[in-house]
Amino acid sequence: MSTKPTQTLTQTGAQTALAAATHRATEIAIPMNIAIVDASCHLLAFTRMEGAKLTSINIAIDKAYTAAGHRAPTSVYKENVWPGGPAYGIGNTNGGRFVTIAGGVPIVQDGAVVGAIGCSTGTPGQDEDVATKGKEAVERTFGVKAKL
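Each residue of the sequence shown is one higher than the last, beginning at 0 in our numbering.
This is how it looks when you write it as structure tokens:
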């Protein structure tokens, strides 16, 4: 066989993540830019809540892109990207889209990354908290065996 099927997040899954993340951002009173991408790093859904920073739009999208493409939360790079670190300079790759700031979280189904969510406007910890709530909503709603 020369092809292999790939699991990926659908619009329904993306809307579930977006709703949960927006709800969490409202709870903590931090308006966010929230981006959802599929397994191939393509944007499925985006919202800019009223009051979210305009300069954070692309950051949210690129956090989702990084988390899906590298199959890891963007927070894992914190200690590795300083001068002399093993991943120093990685932020300059992929046309500058590789983000090493917390707030990008992969969405996993049956052990495979099917998409990711990226949030930006708050602190890195707030961004990751909001993104995690979106990820958890998809995983809870659709389960590990359900089709997204």
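Glycine is no exception: its CB is placed at the ideal position from the N, C-alpha and C atoms.
In this text the structure is predicted, and so the values were computed from the model without any measurement.
Keeping to the same chain, check which residues put their C-beta closer than 8 Å to that of residue i; ignore five residues upstream and five downstream.
i	result
Ile27	Gly121, Gln125, Asp128 and Val129
In three-state terms, what does DSSP make of residue i?
i	result
Asp109	coil
Arg96	coil
Arg23	helix
Leu8	coil
Ala18	helix
Lys144	Its pLDDT being 44, under 50, Lys144 is placed unreliably by the model, and the measurement read from it follows with that caveat. If DSSP states are grouped into helix, strand and coil, Lys144 belongs with coil.
Ala44	strand
Gly102	coil
Quick one: Cα of residue i to Cα of residue j, how far?
i	j	result
Ala34	Ala44	6 Å
Gly84	Glu78	7 Å
Ala136	Ala51	22 Å
Ala38	Val113	5 Å
Glu138	Ala19	12 Å
Ala13	Thr92	26 Å
Ala16	Thr9	11 Å
Thr7	Ile100	24 Å
For residue i, which residues from the same chain have a beta carbon less than 7 Å from its beta carbon, with the 5 sequence-adjacent residues on both sides left out?
i	result
Met48	Thr21, Ala24, Pro30 and Met31
Phe97	Thr65, Ile89 and Gly90
Can you name the residues that DSSP bridges to residue i?
i	result
Ser119	Asn32
Asp37	Gly114
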